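K.L.:
For the sequence shown, the numbering used here puts the final residue at 342, and the numbers step up evenly by one. The beta-carbon is built from N, C-alpha and C at its ideal position, and this holds for glycine as well. Just so it is clear, the structure is predicted and the values come from calculations on it, not from any experiment. Pasting a structure here, questions to come.
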Amino acid sequence: MKSKHRYRYRRRANQVLDVLITLLIAGFCLGPLYWILATSFKPMGTEYLIPPEGWPSKPTLEAYRIILGIPSEASQEGVSGEGVFGSATEVPQAPSLHFLLPIRNSLIVSSTVAVCSLFICSLAAYTIARLRFRWKIQSLLLLQVAGLLPAVMVIAPTFVLMQKFHLLRTLPAMILPNIAYNVPLGTWLLAAYFSELPWELEDAAKVDGYKPFQIFRKVILPLAAPGLFSAGVFAFLGTWGEFILSSVVTMGVSSVQTVPVAILNLSFEFRYQWTWVSAAIILSVGLMVAVALFFQRWVIQGLTAGSVKY
33 MKSKHRYRYR RRANQVLDVL ITLLIAGFCL GPLYWILATS FKPMGTEYLI
83 PPEGWPSKPT LEAYRIILGI PSEASQEGVS GEGVFGSATE VPQAPSLHFL
133 LPIRNSLIVS STVAVCSLFI CSLAAYTIAR LRFRWKIQSL LLLQVAGLLP
183 AVMVIAPTFV LMQKFHLLRT LPAMILPNIA YNVPLGTWLL AAYFSELPWE
233 LEDAAKVDGY KPFQIFRKVI LPLAAPGLFS AGVFAFLGTW GEFILSSVVT
283 MGVSSVQTVP VAILNLSFEF RYQWTWVSAA IILSVGLMVA VALFFQRWVI
333 QGLTAGSVKY
């Protein structure tokens with residue numbers, strides 16, 4: 033009996049410890065995001081109050097209106113708020129470049145990269161997983177090595193290539209390199225998914241007279257939809273948050289900058305208006321979370337595909 037009670041006590045103690053550790057990790061990860069969210073709802077100037085407010089006593093959407101270019105009385109007439117020492121601080125005028133343009137650019141770049149990388153990755157993964165040829169494992173290893181290289185190591189040759197192609201300060205200068213960046217991970221995910229599909233499907237398609245590309249297009253791709261969604265979402269989210277390449281190839285041109293670069297420029301130009309910067313960050317994160325939640329079921333199915341077998 034004593035051993036049974038001791039076992040129950042240890043199990044409950046482990047459960048309580050697991051919950052505490054989970055709460056600590058969640059607080060560490062979500063605490064800054066909560067503070068940014070609270071700051072985005074604060075009136076102009078109140079983000080400097082001492083002691084700081086955990087949540088604004090008078091929440092407002094003025095920062096979101098300014099970022100999105102929605103006119104309001106406060107943005108037209110000016111707003112005064114309490115500064116760090118309690119004195120009135122006049123809020124500067126709204127930024128001339130609204131945040132909708134960087135969002136549009138990020139959507140164009142991320143969507144194009146996701147579609148094009150899926151096309152390339154699906155062909156490469158089908159070749160590796162379903163066709164018989166030499167150097168299959170070596171091909172996967174080379175892809176893995178390419179995926180391990182950080183983007184900062186290839187940013188200089190990428191810049192030179194984009195300059196030679198006269199693509200600097202354009203959206204294709206961000207699309208083409210990001211497609212190459214997403215090929216290794218997407219190929220690995222799709223190869224793992226393709227390897228689980230039964231070979232009898234291809235044998236039946238060959239009996240019906242299908243050629244390899246017809247089998248790939250009419251048989252394999254419809255069955256591999258969860259894996260395609262998973263690879264596509266990873267490519268979309270990875271491109272959306274990409275900063276180094278975007279900041280280099282845009283060269284300060286505001287008409288082609290994406291969301292991460294726009295947030296940095298906004299913080300430099302209006303460095304004391306943290307409500308505007310916080311609102312821009314929440315808009316960017318909110319769009320990424322919406323995409324991840326919408327495709328969550330397919331992403332989980334793609335990631336839980338079994339190991340690659342040859």
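Compute the beta-carbon to beta-carbon distance between Pro292 and Ser310, rounded to the nearest angstrom, for a pair I have assumed lies under 8 Å.
P.N.:
Wrong, their Cβ atoms sit about 15 Å apart, outside the cutoff.
K.L.:
Can you tell which of Tyr225, Phe248, Leu221 has its C-alpha closest to the C-alpha of Glu234?
P.N.:
Ranking the options by Cα distance to Glu234, first place goes to Phe248.
K.L.:
Is the beta carbon of Ile252 less than 8 Å from the beta carbon of Ile68?
P.N.:
no
K.L.:
Given this structure, state the Cα-to-Cα distance separating Leu129 from Val147, to the nearest angstrom.
P.N.:
For Leu129, the predicted model reports a pLDDT of 48, less than 50, meaning its position is unreliable and no value from the coordinates is stated.
K.L.:
Rounded to whole angstroms, what's the CA-CA distance from Leu175 to Leu49? Just pull it up for me.
P.N.:
40 Å
K.L.:
Restricting to runs no shorter than 4 residues, where is the alpha helix (DSSP H) found entirely within the region 130 to 207?
P.N.:
132 to 162, 168 to 180, 187 to 196
K.L.:
Less than 8 Å between the C-beta atoms of Phe266 and Ala161, yes or no?
P.N.:
no
K.L.:
Pull up the distance between the alpha-carbon of Leu180 and that of Ser89, whole angstroms please.
P.N.:
Their Cα atoms are separated by approximately 47 Å.
K.L.:
Would you give the residue range spanned by the alpha helix (DSSP H) that Ala256 belongs to?
P.N.:
For Ala256, no alpha helix (DSSP H) encloses it, and the DSSP letter there is neither H nor E.
K.L.:
Within this structure, are the beta carbons of Phe131 and Leu100 separated by less than 8 Å?
P.N.:
yes
K.L.:
Buried or exposed, going by whether 16 or more other CB atoms sit within 10 Å of the CB of Gly318?
P.N.:
exposed
K.L.:
I'd like the span of the alpha helix (DSSP H) that includes Met76, first residue to last.
P.N.:
That residue, Met76, is in no alpha helix (DSSP H); it is neither H nor E in DSSP.
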